[in-house]
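Visitor: First the structure, which I've put down as structure tokens, then a few questions once you've had a look.
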Amino acid sequence: MEIQTMSKLQKEALKESGTDFTRLGFALFFMIGVLTFSFLSNGGISNNMFLAVAALIGAYMAMNIGANDVANNVGPAVGSKAMTMTMAIIIASTFEAAGALIAGGEVVKTIKKGIIDISAFGANPDPFIWAMMAALLSAALWLNFATMMKAPVSTTHSIVGGVMGAGIAAAGFSIVNWGTMAKIAASWVISPVLGGIIAAAFLYAIKESIVFQEDKISAAKKWVPVFVAIMSMAFVTYLALKGLKKVWSNIIETFNMIPLISLEITKEPTFLTALSMGLITSIFVYIIMKKKLKKNSTTLKNNKKSVNTLFTVPLIFAAALLSFAHGANDVANAIGPLAAINDAVINGGISSESSIPLWVMGVGAIGIALGLALYGPKLIRTVGSEITELDQIRAFSIAMAASITVIIASQLGLPVSSTHIAIGGVFGVGFLREYLHLNSKVPTIEENESIIQDEKEHIVAFLKERKILEAQENKGEIEYARIAQLYRLIAEENKNIKSTKKDIKRTKKIEYVKRDAVKKIIAAWLITVPAAAILAATLFFTIKGIMIQA
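In our numbering, the protein residues as written are 51 to 600.
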């Protein structure tokens, strides 16, 4: 028996190691391919080998983004079983790449959000190139480590820490814009709190309006179209504001080709324009959902499971749209240091802004898709099922929080992180479940302990009475019957005490949000910027030493 068990374990280990080697092989093939392409396509440049190495690091960074950051977009949908893992990877990879290539940033500030003052580098581009390479590599290494530890962290914060640390190593602490860094630090609190509150609010609204109703079918027919319409309005607004900046002028020009339409061409959509687009879309979605529910209401059952199925298709759309917006908005920023290095190497100078070449966007898009496919499932499972148990309604509430929080924060000028919002949403729905359980009709630990105390007092009283009766010399039929009854009552009270203690033990074990996961993730968030900064500073001095000696 032991030999069979060992043989089975050995086969599983070989299978797992074989899978790991296959993943590593695909990753290395992509990275070497990017290195070769960059080297050959920029052969006439003096520092082309340096640019090729930077491109390789950019490919490594892109894969780490796919492995860690994209899980937030599809994790809740997978955890709720609205999508399979394979389906999630296909949808997320496709829409992430599409977002990066179709609507990705045309021009990206090389120093993300003004973290450091590039004038401190003077006219010498070499220290700047070394700093950007150190920033890119440190962010990639930190993301890789976080993925191994199954901790979803912010890609943006990783890059921010890398740029800050490399900048300090290159030109001192005065180079850092500490006001910007303070805003970024504030987002560590703002993002998860806002995300958690909004997700919990939507979950509670759905429970009150549908799940807690006796006639769930009628309630679902009335309210599901409303919630899905709100979701469509939020996502279209979010996508217009965050995902269509690059192609917005093209969209306006296309509409202007229609007779009788003359729209003003602007660089990007205004909030009012984006909201109007969302509102028009939501009206159509409401009508479609209303008709669909009226047609299919006979197949619905009066239970929560049946109501959950109504949110499956909206969740799939939400995952796709979140991935597209992430690809359009965050990917270009994450590979900004590679664009900065490319610009500095080709032009021989330092620019506050640099265009992102198509091949750099391609590295980001393909790298993210590949990283998600190869290493993404680990983080998808963490987000989807290892923090709290999710169903379609809870996952829908998290998706709503992801879009609405970004819209609110952008209009208020608050810095937020999409990763922190999504995880905050997961925390929010989990803690709401705990709150609802603790405030339900189920006895609390304190109430159960009070019951045990009362039962113990009853036993003491019964024992005293039994002792007195048994001590009597001339006992009649009534006394013997009472003694027998007391024995039964004492046995019942002991049984009740044992049962109540089990209830207390079960109640103590109920944690709808796994505390260990919460502690690990929050710790990872807090140390992301300083960890990436220290690593980037170390890498900068290493690269500088190598280049000077060369």
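The C-beta atom is built at its ideal place from N, Cα and C for all residues, glycine as well.
Quick one: give me the first and last residue of the alpha helix (DSSP H) that residue 343 is part of.
Guide: 321-346
Visitor: Roughly how many angstroms lie between the CA atoms of residue 325 and residue 283, to the nearest whole one?
Guide: 7 Å
Visitor: Quick one: is residue 169 buried, meaning 16 or more other Cβ sit within 10 Å of its Cβ, or exposed?
Guide: By the neighbour-count rule (16 or more Cβ atoms within 10 Å), residue 169 is not buried but exposed.
Visitor: Who are the near neighbours of residue 583 in its chain, counting only those whose CB is closer than 6 Å to its CB and skipping five residues on each side?
Guide: If the five residues before and after residue 583 are omitted, its C-beta is found closer than 6 Å to the C-beta atoms of 211, 214 and 215, all from its own chain and listed in chain order.
Visitor: Taking the C-alpha atoms as reference points, what is the distance between residue 368 and residue 454?
Guide: Residue 368 and residue 454: Cα-Cα distance of roughly 12 Å.
Visitor: Taking only three categories from DSSP, how would you classify residue 572?
Guide: helix
Visitor: Closer than 6 Å by C-beta to residue 352: which residues in its own chain qualify, once you throw out the five before and the five after it? Chain order, please.
Guide: Listed in chain order, the non-local C-beta contacts of residue 352 below 6 Å within the same chain comprise 266 and 267, local neighbours out to five positions each way being set aside.
Visitor: Residue 520 and residue 533 - do their beta-carbons sit closer together than 8 Å?
Guide: yes
Visitor: Does DSSP classify residue 166 as helix, strand or coil?
Guide: strand
Visitor: Do residue 547 and residue 502 have their beta-carbon atoms positioned less than 8 Å apart in this structure?
Guide: yes
Visitor: Going by DSSP in three states, residue 297 sits in which element: helix, strand or coil?
Guide: coil
Visitor: Which residue wins for smallest C-alpha separation from residue 184, given the options 138, 103, 250 and 121?
Guide: 103
Visitor: Does DSSP classify residue 476 as helix, strand or coil?
Guide: Shown here, residue 476 sits in a helix according to DSSP, grouped into three states.
Visitor: Please determine, among 425, 228, 109 and 398, the residue with the shortest C-alpha to C-alpha distance to residue 198.
Guide: Sorting 425, 228, 109 and 398 by C-alpha distance to the C-alpha of residue 198 places 425 at the top.
Visitor: Where are the alpha helix (DSSP H) runs, 4 residues long or more, that stay fully inside the stretch 224-310, in chain order?
Guide: Listed in chain order, the complete alpha helix (DSSP H) runs (minimum 4 residues) inside the stretch 224-310 are 228-256, 266-293 and 298-306.
Visitor: Could you name the residues of the same chain whose beta carbon sits closer than 6 Å to that of residue 377, not counting the 5 residues immediately before and after it, in chain order?
Guide: 146, 149 and 150
Visitor: Could you tell me whether the stretch 170-183 touches the stretch 427-437, where touching means 3 or more Cβ pairs closer than 8 Å?
Guide: The answer is no - the stretch 427-437 does not touch the stretch 170-183, with fewer than three Cβ pairs under 8 Å.
Visitor: Using a Cβ-Cβ cut-off of 8 Å (strictly less than) and excluding sequence neighbours within five positions of residue 516, which residues of its own chain qualify?
Guide: Result list for residue 516: 533, 536, 537 and 540, in chain order.
Visitor: Return the CA-CA distance between residue 568 and residue 201, expressed in angstroms with no decimal places.
Guide: The straight-line gap separating the alpha-carbon atoms of residue 568 and residue 201 is approximately 10 Å.
Visitor: Within the continuous alpha helix (DSSP H) that includes residue 100, where are the two ends?
Guide: 98-118
Visitor: Below 8 Å, how does it come out for the stretch 449-463 and the stretch 276-291: are there three or more Cβ pairs, yes or no?
Guide: yes
Visitor: Tell me whether residue 566 sits in a helix, a strand or coil according to DSSP, three-state version.
Guide: helix
Visitor: Can you give me the C-alpha to C-alpha distance between residue 220 and residue 177, rounded to a whole angstrom?
Guide: Going by the C-alpha atoms only, they are around 7 Å apart.
Visitor: Below 7 Å CB to CB, which residues in the same chain sit around residue 590 once its five sequence neighbours on both sides are set aside?
Guide: 180, 181, 184, 216, 219 and 220
Visitor: For a quick check, are the C-beta atoms of residue 416 and residue 111 less than 8 Å apart?
Guide: Judged by beta-carbon spacing, residue 111 lies beyond the 8 Å limit of residue 416, meaning their Cβ atoms are not closer than that value.
Visitor: Compare the beta carbon distance of residue 123 and residue 372 with 8 Å and say whether it is the shorter of the two.
Guide: yes
Visitor: Below 8 Å on the Cβ atoms is my contact criterion, and I expect residue 250 with residue 479 to pass it. Report the Cβ-Cβ distance as a whole number of Å.
Guide: 6 Å
Visitor: With the cut-off set at 8 Å, would you say residue 107 and residue 187 are in Cβ contact?
Guide: yes
Visitor: Can you tell me which of the three DSSP states residue 37 falls into?
Guide: It is not possible to answer for residue 37, since the shown part of the chain is limited to 51 through 600.
Visitor: For residue 81, which residues of its own chain have a beta-carbon under 7 Å away from its beta-carbon, when the five flanking residues on both sides are left out?
Guide: Within the same chain, residue 81 has close Cβ partners 106, 109 and 110.
Visitor: When the Cα atoms are used, what is the spatial distance from residue 420 to residue 355?
Guide: 35 Å
Visitor: How is residue 522 classed by DSSP in three states: helix, strand or coil?
Guide: coil
Visitor: By the three-class DSSP mapping on this structure, what secondary structure does residue 90 have?
Guide: In the structure shown, residue 90 sits in a helix (DSSP, three-state: H, G or I).
Visitor: Assign residue 157 to buried or exposed, taking buried as 16 or more other Cβ atoms, counted over all protein chains shown, within 10 Å of its Cβ.
Guide: Because the pLDDT of residue 157 is 45, which lies under 50, any placement of that residue in the model is unreliable, and the number read from its coordinates should be weighed accordingly. Exposed.
Visitor: If you draw a straight line from the C-alpha of residue 339 to the C-alpha of residue 253, how long is it?
Guide: 19 Å
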